[in-house]
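S.K.: Following this message is one structure expressed as structure tokens.
There are 2 protein chains.
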Amino acid sequence: MKLEQAIQTSKFSSDKHKAVLNILYRAWMVKTTISRELRPFGLSHEQYNVLRILKGSYPQAMRVKDIAIRLIEKSSNVPRIIDKLEDKKLVQRLVSPEDNRETLINLTTAGSKLLEASTRSIQPNTIQSLQLTEKEAAVLNRLLDKIGAGE
Amino acid sequence: MKLEQAIQTSKFSSDKHKAVLNILYRAWMVKTTISRELRPFGLSHEQYNVLRILKGSYPQAMRVKDIAIRLIEKSSNVPRIIDKLEDKKLVQRLVSPEDNRETLINLTTAGSKLLEASTRSIQPNTIQSLQLTEKEAAVLNRLLDKIGAGE
DNA sequence: GCTATATAGATGTATCTACATATATTAGAT
DNA sequence: ATCTAATATATGTAGATACATCTATATAGC
């Protein structure tokens, strides 16, 4: 669906202005799609992302702060996400032997399995539903990477 | 900043996969930038969007449902956003004379002024900071519009 | 060794989001 | 005219977000 239909507007002051709204809209679409897919698994979007990040270093544990910098939404409250995952026995906490301030987090077997199952369910509905060729996706990435060059 | 730096990762299964994360990241950036700019005005991102939508038909009032379809994030709770704006005397509610179920919303003079002031503050930090030419923005919009063709 | 500063993580809180449900009003069917 | 279904908005609630503050531990300077 084109942005114009989605938000019932055709007045944009410029293509740059439209691009800002378009990015916000597509992100919202992707996020809600993923969240709905995750619902049956009892996982929120951010809980799922943390599991994925942990999988990246599995079976090695990760520090909370290293999880935080890998998250897309930097204002996420990682300790609280971990709380939820720990309640569900999907991750384990342990104090770092090197630095007692640090907490190390590791996937449990259950966490690893749930991640796999939920990923299988999400994949077709997000990545693959993008009506783009790999070439187009590459162009899109190049343009998106340019956007924030200022900060 | 490139996505790779932002989330300290370089492993993407494909450009399409990277594109999904990239969109989520850019949207988060834009949203937090705008939210911070709006803070001094006491407006949330969504309150600001509603004011903008109302401005579009000003001085004509709008129905709640017509505001809702113009919002980017469709799960926004419009009546509650209106509550906040009404508390601050930025909008007025009145029952529609044609259909008593409908509520008509209109900007007050204060609302109109605050919108103008806040827009002046936001504009340079969002739209103009996009490091894209209009041509590139047009390409970006074309690709983004293609994405959701499935739904 | 002792105090000041910095860092890691946890916790507190107001607001927002997503979604379910409730209430009021209108339109439609008989 | 009356009952049923649909529509428009409001309200209730669990959980998430953004951000401030607190606690524990570590580092650095003296």
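Chain order of the listed sequences is A and B.
Taking this note's numbering, the leading residue of the first sequence gets 3, the next gets one more, and so forth.
Taking this note's numbering, the leading residue of the second sequence gets 3, the next gets one more, and so forth.
A virtual CB, placed ideally from N, CA and C, is assigned to each residue, including glycine.
#1: Since residue 26(B) contacts residue 29(A) with CB under 8 Å, what's their CB separation in whole angstroms?
#2: How many angstroms separate the CA atom of residue 78(B) from the CA atom of residue 93(B)?
#3: Output yes if chain B places a C-beta closer than 8 Å to the C-beta of residue 141(A); else output no.
#4: Could you tell me which of 91(B), 98(B), 119(B) sits nearest to residue 43(B), measuring between CA atoms?
#5: Along chain B, in chain order, which residues have C-beta atoms closer than 9 Å to that of residue 10(A)?
#6: Label residue 17(A) either buried or exposed according to how many other C-beta atoms from any shown protein chain fall within 10 Å of its C-beta, with 16 as the threshold for buried.
#7: Rounded to whole angstroms, what is the Cα-Cα separation between residue 126(B) and residue 91(A)?
#8: Does chain A have any CB closer than 8 Å to the CB of residue 50(B)?
#9: Determine the DSSP secondary structure at residue 124(B), reduced to helix, strand or coil.
#10: Using a C-beta cutoff of 8 Å, does residue 63(B) count as contacting chain A?
#11: Assign residue 18(B) to one of three DSSP states: helix, strand, or coil.
#12: Please classify residue 115(A): is it buried, with 16 or more other beta-carbons within 10 angstroms of its beta-carbon, or exposed?
#13: Between 100(A), 69(A), 128(A), 57(A), which lies nearest to residue 39(A) when the distance is taken from Cα to Cα?
#14: Taking 8 Å as the cut-off, decide whether the C-beta atoms of residue 84(A) and residue 55(A) are in contact.
#15: Of the residues that make up the stretch 27-42 of chain A, which ones have a beta carbon closer than 8 Å to any beta carbon in chain B?
#16: Quick check: the Cα distance between residue 117(B) and residue 57(B), rounded to an integer number of angstroms?
#17: From residue 24(A) to residue 139(A), what does the alpha carbon distance come to, in whole angstroms?
#18: Does the distance from the CB of residue 134(A) to the CB of residue 149(B) come in under 8 Å?
#19: What residues of chain A sit near residue 21(B), judged by a beta carbon separation below 8 Å?
#20: Quick check on the DSSP output: what are the complete alpha helix (DSSP H) runs of length 4 or more inside the stretch 96-142 of chain A, in order along the chain?
#21: In the DSSP assignment, find the alpha helix (DSSP H) that holds residue 150(A) and state where it starts and stops.
#22: Give the C-beta separation of residue 113(A) and residue 87(A) to the nearest angstrom, bearing in mind that I take them to be a contact with Cβ-Cβ under 8 Å.
#23: Please classify residue 64(B): does DSSP put it in a helix, a strand, or coil?
#24: What first and last residue would you give for the alpha helix (DSSP H) that runs through residue 59(A)?
#25: Which residues in chain A sit within 8 Å of residue 4(B), going by Cβ to Cβ distance?
#26: Is the shortest distance between the beta-carbon of residue 154(A) and the beta-carbons of chain B less than 8 Å?
M.R.: Straight from the coordinates:
#1: In this structure residue 26(B) touches residue 29(A) by the C-beta definition: roughly 5 Å separates them, less than 8 Å.
#2: For residue 78(B) and residue 93(B), the distance between alpha carbons rounds to 17 Å.
#3: Closer than 8 Å to the CB of residue 141(A) there is at least one CB belonging to chain B.
#4: For the residues 91(B), 98(B), 119(B), the minimum Cα distance to residue 43(B) belongs to 119(B).
#5: The answer, in chain order, is 68, 71, 72.
#6: The residue is buried, with at least 16 neighbouring Cβ atoms inside 10 Å.
#7: Pairing residue 126(B) with residue 91(A), the inter-Cα distance amounts to about 47 Å.
#8: Not a single C-beta of chain A is nearer than 8 Å to the C-beta of residue 50(B).
#9: If DSSP states are grouped into helix, strand and coil, residue 124(B) belongs with the helices.
#10: No, no contact with chain A.
#11: For residue 18(B), the secondary structure class from DSSP, reduced to helix, strand or coil, is helix.
#12: With fewer than 16 other Cβ atoms inside 10 Å of its own Cβ, residue 115(A) counts as exposed.
#13: Ranking the options by Cα distance to residue 39(A), first place goes to 128(A).
#14: Taking C-beta atoms as the reference points, residue 84(A) and residue 55(A) fail to come closer than 8 Å.
#15: Those residues of the stretch 27-42 of chain A placed with their C-beta closer than 8 Å to a C-beta in chain B are 27, 28, 29, 30, 31, 32, 33, 34, ordered along the chain.
#16: Each residue's alpha carbon lies about 8 Å from the other.
#17: Computed Cα separation, rounded: 16 Å.
#18: Contact: yes.
#19: Near residue 21(B) (Cβ distances below 8 Å), the residues of chain A are 132, 134, 139, 142, 143, 146.
#20: Here the runs fully enclosed are 111-124.
#21: It is not in any alpha helix (DSSP H) - residue 150(A) carries neither H nor E in the DSSP assignment.
#22: The pair is a contact, with the Cβ atoms about 7 Å apart (cut-off 8 Å).
#23: When secondary structure is reduced to three states using DSSP, residue 64(B) falls in the strand class.
#24: Note, residue 59(A): alpha helix (DSSP H), 47-59.
#25: Within chain A, the residues near residue 4(B) are 147.
#26: Beyond the ends of chain A as shown, which are 3 and 153, falls residue 154(A); an answer cannot be given.
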